Structure formats: C-alpha cells, structure tokens
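S.K.:
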Amino acid sequence: MSHALIAPMLAHVGLAGFLYVLLTLARAPSIWGIGRRADGSNPWAEVEPRISANLSNQFEWPLLFYVACLLLIQAGVQSPLATWLAWGFIGGRLAHSLVQIGTGNVRLRGLVFSLNFLAALGLWALVLQLYLHG
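Be aware that the sequence shown starts at 1, since it is given in UniProt numbering, and climbs by one per residue.
#1: Going along the chain, which residues of its own chain have a beta-carbon closer than 6 Å to the beta-carbon of I101, five neighbours each way excluded?
#2: Under DSSP, the alpha helix (DSSP H) around G122 begins and ends at which residues?
#3: Which of helix, strand or coil does DSSP assign to residue 169?
#4: According to the Cβ coordinates, are L94 and L19 closer than 8 Å?
#5: Using C-beta distances below 8 Å, list every residue in its chain close to A119, excluding the 5 sequence neighbours before and after it, in chain order.
#6: Enumerate in chain order the residues of its own chain whose CB-to-CB distance from V127 is below 7 Å, with the five nearest sequence positions on each side excluded.
#7: Below 6 Å CB to CB, which residues in the same chain sit around G35 once its five sequence neighbours on both sides are set aside?
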C-alpha cells in the first residue's frame, strides 16, 4: 500500500543525497587535488562551508517533519492537507538550500525557513488533532 507522504519524504532524502554529492565535489580540490586552480587553491572554498552548514541543517528541523509524517502514516491518515503541508515543507527546504548556499543572505534564509517551520507545525497540528480526537 502506498501513502502520499512517502514521496515528499523521499524527495528530502534525495535533496540530502544531492547535498552530499555537492559537498564532495566542493571539497575535491582541497582533499584530492581534483579541480584545483593553477595557484593550488580551491575554487569552491567560499561556498563549501555554506554547503556543509546546509547539509547539517537537513538533520535538524526535518527530523520533526519525518516523525510527524511517520505518525500520520502509521495512523493511516490520508489527508490532502497533510500531503500539501509535506510538499510545502520540501519546497521550503529546497528554497532554504538555494538561499543558504547561493547567497548566504541570512535575513532571506530566515524568511524562507519560516515556510519549513510552519509546514512542519501544520503536520504536528494534524498529529495532535488525531491523537486528541482519534
């Protein structure tokens, strides 16, 4: 039996996997010497810490996303609202990654993070409703 919340969860796993690959590529000049500039420097030195920080972020707030999704799946909830919130979370995670890695703009990143935050809180509201009234 398939559940609509599995796809957004897999999409987040894909995002984290992509970030691992991106981080490996950004570190390759420093670690393996692949892609070094003529002067021996890493052309990705400025962005590598932002990729690393973003990858770490994928294991912080998203943990609460996964737990809420798993609780809803376990309870057999097939809610269009839950699916919409889960995909909203993923969209917010993607936007957060693009802003954090691409711009380093902390103010914009905080604004974009609000999308993730609110979507996960919405999922938890559904879990709470389920367990209070179910």
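Positions of the beta carbon are idealized from the N, C-alpha and C atoms, including for glycine. Treat the numbers as computed from the prediction; the structure is a model and nothing was measured.
M.R.: This is what the structure holds:
#1: Excluding residues within five positions, the ones whose Cβ falls inside 6 Å are R50, I51 and N54.
#2: Here the alpha helix (DSSP H) through G122 covers V106 to H133.
#3: This structure cannot speak to residue 169, because the chain is shown only from 1 to 134.
#4: The Cβ atoms of L94 and L19 do not sit closer than 8 Å to each other.
#5: Cβ within range, chain order: F65, L85, A86, G88, F89 and G92.
#6: Here the set comprises A68, L71 and L72.
#7: Excluding sequence neighbours, G35 sits near A28 and P29.
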